[in-house]
Amino acid sequence: MNIRATQMRVNMQSLGSMRPRALPIVAGRLFHGSIVYRRNNASLSSLDKAQTLTEKIVQRYSLGLPQDKIVKSGDFVTLAPHKCMTHDNSWPVASKFMAIGATKIHEPDQIVFTLDHDVQNKSETNVKKYQQIQTFAEQKGIRHRYGAGEGIGHQIMIEEGYAWPGTVTVASDSHSNMYGGVGCLGTPIVRTDAASIWATGRTWWQVPPVAKCHFKGVLPAGVTGKDVIVALCGLFNNDEVLNHAIEFTGSEETMRSLPVDERLAIANMTTEWGALSGLFPIDSVLLSWLRYKATTAAMYESGTGSKDRFSHALIENLTTSPIRADQGATYAKSLFLDLSTLSPYVSGPNSVKVATPLRDLESQKINIQKAYLVSCTNSRASDIAAAAKVFTEATKTGASPKVAPNVELYIAAASLTEQHAAEEAGDWGVLLAAGAKPLPSGCGPCIGLGTGLLEAGEVGISASNRNFKGRMGSPDAKAYLASPEVVAASALSGYISGPGFYEAPEGVTKVVLGEGTGNVEADKATSIEEALAKLISEADSLVDNAQSSLFGEAEEASTEKEGAGLTEIVAGFPDKVRGEIVFCDADNLNTDAIYPGKYTYQDGVSIEKMAEVCMENYDKEFGSVIREGDILVSGFNFGCGSSREQAATAILASKIPLVVSGSFGNIFSRNSINNALLGLEVPRLVEGLRKQFSGADKALTRRTGWTFEWDVSRSEITVQEGEGGAKWTQAVGQMPPNVQEIIARGGLEKWVKAEIGL
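Every position in the sequence shown, counted from 1, becomes a number in our numbering once 8 is added.
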């Protein structure tokens, strides 16, 4: 639930057969918000009507918009996505679907099932779950379904044409951003949202602020899309794009240096960069790729209907009716990166915010025990070919083309189709001959499931997307991320190293990047244009205020002001939330740290067990430190990472009613409100705690002796800084009665059930 300093509303009326009720998002900072809502589009200037590519695509897939409404960042819309994918979480989503009393899938062809996460698990429990999903799909007429071993869901969405350029396509998984690599606005949803889409065909969404990332130059030989996104995550590492939609731009020459497979890797890891989407343009590179796919689909019938989705007629429509950002569209911020100055980069250990040039790590000769060519990020046929080339090139220097002793190299293709392509090219065989250990196509080690996980004390390097502590195995291991070439070279040498394909261009001594586009004149023109837009917006506001005064709205506004801060409390919602502060002093405390991935797809985990493993990958002592009713306070970007709702429900299972942070990851915010966990952003409190408890005895989880009280009716908090310490208050956002109602009923699922009268 994102709260800003202006009252905003989500139109829930069109969600199925619910009564016409509005779910407001209100003043203040309840969970993260970084957008100012545009209250009145009627007076927008022609300049302000210009839309980003993100806004244009959302406009196409929004329902119930007022006539002449121009969708802008900050708007809440009712989205009817082109496609909605769920994976192993399909059964938990089905359980939610049935729990709210729904019996019929609104549009079966809107739904795609892909079983991909726990594919190595042959236990009776997992086999039963997969069978339940299959039976449910058959009963509900869901035709688009893919079984275990056929591929990772995001790759299937791309290669089967479900994620189509110019559409909105969602999935209950945080790496839905990957669809942006083919010009599709892909963004994650959570399980409750997915159940809503199954039942009604739609869900709510707030259009994020849009950031432009402008690429200059061309990639040098030996530098990949993985290096681009690893560098972006590590060099722009101060939450510059947190909870933003990103649009990648560049000259035709620049974009030609980024083939579709490289774009997919970049878009995929915009999730780790903190963004909600990562959108590439629909350009000549993409159109050529689509035409190849259409020709291939027409020649070889797959039995999945891909030739109908990859049709030359649909592709022609993309050229005759192109969709692109308007000139003069307003962006929340602009960043640039000169690709020609980039070299191979490595992420980690155990953080995507730490990125180091390969040459610096190579000299340290960091030994590895495991290497992974897996995941939806970088295990397509082109990636497998790049890794195989490292081994074949080694023979030319007289080196043995074998995985180093004491190193295990695991490989799993992004899909069975990609594996077959790699087999036909001979690249899969090269890796097997080198000693690689094949795994079925699926998420596996990337999510910490199955064979080959990192053991305590081990070091691993992976071509996957997430190296959070404990993500790929033991929390006492170290994980690095790199391109397939670097992973292969490291497996060959036994330490983090490259294949030697990269040569620094003459005169390049550092990575060139920064704010703006990197073009001084263009940036100057943009700043003038933005200043003009701001002046026009201010003039519009003056006109609106004058109209309000003339037509008697001023008196009503005055009355509202006098009553500001007084909020009605609904039955079942506490008028005050009070407790002792427990401080987890960490920024970017991610969902893997809060609720380990190895438990995510174990259905039926008890509340007691969820509480027991809560924060296991952050602090094993967490459970012994906290007490019922504590207020958990942590740093900035709390809950970043995956879309798992258990990150919120495990905190509730620990009997913690409220989380306070400097800021929240967007998906965590959404999961929290859907599951009745409260959250507030109070940066001042975080800074005060850090000042007080930053000494040598700093603990991962600390009982502070400070108390926190949230007076909901008065919309203010009071902090007592320990016995005899300072006491201060601060205003926070109002919690309106109908939002309280969702919390009081135990979350959105139960609220929806009540609203449709079941």
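Where is the CB? At the ideal position from N, CA and C, for every residue including glycine.
No experiment lies behind these values; they were computed from the predicted model shown.
Handout entry: Assigned secondary structure, residue 436 (DSSP; H/G/I helix, E/B strand, else coil)
Key = DSSP places residue 436 in the helix class (H, G or I) of the three-state scheme.
Practice task
Within its chain, find whatever has a CB closer than 6 Å to the CB of residue 149; leave out the 5 residues flanking it on each side and keep chain order.
Solution key: 116
Problem - Closest by C-alpha distance to residue 672, when choosing among 418, 266, 580, 247 - result: 247
Exercise for the section: Output yes or no for whether 7 Å exceeds the beta carbon distance between residue 340 and residue 217. Expected result: yes
Practice task
Measure the C-alpha to C-alpha separation of residue 651 and residue 679 and round it to an integer number of angstroms.
Solution key: 8 Å
Exercise for the section: For residue 388, collect the residues of the same chain with a Cβ closer than 6 Å to its Cβ; drop the 5 residues on either side in sequence, then sort them by chain order. Expected result: 269, 422, 426
Practice task
May I ask you to report which of helix, strand or coil DSSP gives residue 643?
Solution key: coil
Problem - residue 2 versus residue 271 - alpha carbon distance - result: Any answer about residue 2 is impossible in this case: the structure gives the chain only from 9 up to 766.
Practice task
Please state whether DSSP places residue 223 in a helix, a strand or coil.
Solution key: strand
Exercise for the section: State the Cα-Cα distance for the pair residue 226 and residue 348, rounded to the nearest angstrom. Expected result: 5 Å
Handout entry: beta-carbon residue 442 near the ligand FMN non-hydrogen atom, thresh 6 Å
Key = As for the ligand FMN, it is missing from this structure, which has no ligand bound.
Exercise for the section: Whole angstroms is fine: what's the gap from residue 417's alpha carbon to residue 470's? Expected result: 10 Å
Handout entry: Residues that residue 214 bridges to, as DSSP identifies them
Key = 84
Handout entry: 7 Å Cβ shell around residue 302 - same chain, five flanking residues per side excluded
Key = 318, 319, 320, 323
Handout entry: Buried versus exposed call for residue 304 [16 or more other C-beta atoms within 10 Å across all chains shown]
Key = exposed
Practice task
Please name the residue, chosen from 597, 525, 592, that lies closest to residue 360 on a Cα-to-Cα basis.
Solution key: Looking at the Cα atoms, 597 is the closest of the given residues.
Handout entry: Own chain partners of residue 275 with C-beta closer than 6 Å, once the 5 adjacent residues on each side are dropped
Key = If we look at residue 275 and ignore the five residues flanking it on each side, its Cβ neighbours are 185, 186, 188, 189, 286.
Handout entry: Run of the alpha helix (DSSP H) containing residue 300, from where it starts to where it stops
Key = 292-307
Handout entry: Between the CA atoms of residue 699 and residue 760 - distance to the nearest angstrom
Key = 43 Å
Handout entry: Range of the contiguous alpha helix (DSSP H) that encloses residue 607
Key = Element bounds for residue 607: 605-608.
Handout entry: Continuous beta strand (DSSP E) assignments of at least 3 residues falling wholly in the stretch 664-713
Key = Every unbroken stretch of the beta strand (DSSP E) spanning 3 or more residues and falling wholly within the stretch 664-713 is given here in chain order: 666-669, 686-689.
Exercise for the section: Please confirm if the stretch 378-386 is in contact with the stretch 145-163, defined as three or more CB-CB distances below 8 Å between the two stretches. Expected result: yes
Problem - Cβ-based burial, residue 615 [other Cβ within 10 Å; buried from 16] - result: Answer is exposed; the Cβ neighbour count stays below 16.
Exercise for the section: Report the option in 63, 330, 358, 664 whose CA atom is closest to the CA atom of residue 684. Expected result: For the residues 63, 330, 358, 664, the minimum Cα distance to residue 684 belongs to 664.
Handout entry: Assigned exposure category for residue 550 - 16 Cβ within 10 Å defines buried
Key = With a pLDDT of 48 at residue 550, under the threshold of 50, the modelled position of this residue cannot be trusted; read the value that follows with caution. Exposed, since its Cβ has fewer than 16 Cβ neighbours within 10 Å.
Exercise for the section: Just the C-alpha distance for residue 745 and residue 89, rounded to the nearest angstrom, thanks. Expected result: 30 Å
Exercise for the section: Using the Cα positions of residue 369 and residue 749, report the straight-line distance between them to the nearest angstrom. Expected result: 53 Å
Problem - Sequence-distant residues of the same chain with beta carbon closer than 6 Å to residue 609, five excluded per side - result: Setting aside the 5 residues that flank it on each side, residue 609 is surrounded in the same chain by 96, 125, 126, each with a C-beta closer than 6 Å to its C-beta; the list follows chain order.
Practice task
Give the DSSP-derived three-state secondary structure of residue 50 in the structure shown.
Solution key: Confidence in residue 50 is poor, its pLDDT being 43 and thus under 50, which makes the residue's placement unreliable; the coordinate value appears in the next sentence. In the structure shown, residue 50 sits in coil (DSSP, three-state: anything other than H, G, I, E or B).
Practice task
Determine the extent of the alpha helix (DSSP H) in which residue 492 is found, giving its start and end residues.
Solution key: 492-501
Exercise for the section: Please name the residue in 523, 212, 395, 632 whose C-alpha comes closest to that of residue 499. Expected result: 395
Handout entry: Exposed unless 16 or more other CB atoms sit within 10 angstroms - verdict on residue 135
Key = exposed
Problem - Minimum C-alpha distance to residue 120 - residue among 487, 137, 166, 84 - result: 166
Practice task
For residue 27, count neighbouring C-beta atoms within 10 Å of its own C-beta (all shown protein chains included) and say buried if the count is 16 or more, exposed if not.
Solution key: For residue 27, the predicted model reports a pLDDT of 34, less than 50, meaning its position is unreliable; a value from the coordinates is still stated below. The Cβ neighbour count for residue 27, taken over all protein chains shown within 10 Å, is under 16; the residue is labelled exposed.
Handout entry: Whole-angstrom distance between residue 176 and residue 132, CA atom to CA atom
Key = 37 Å
Practice task
Whole angstroms is fine: what's the gap from residue 653's alpha carbon to residue 602's?
Solution key: 11 Å
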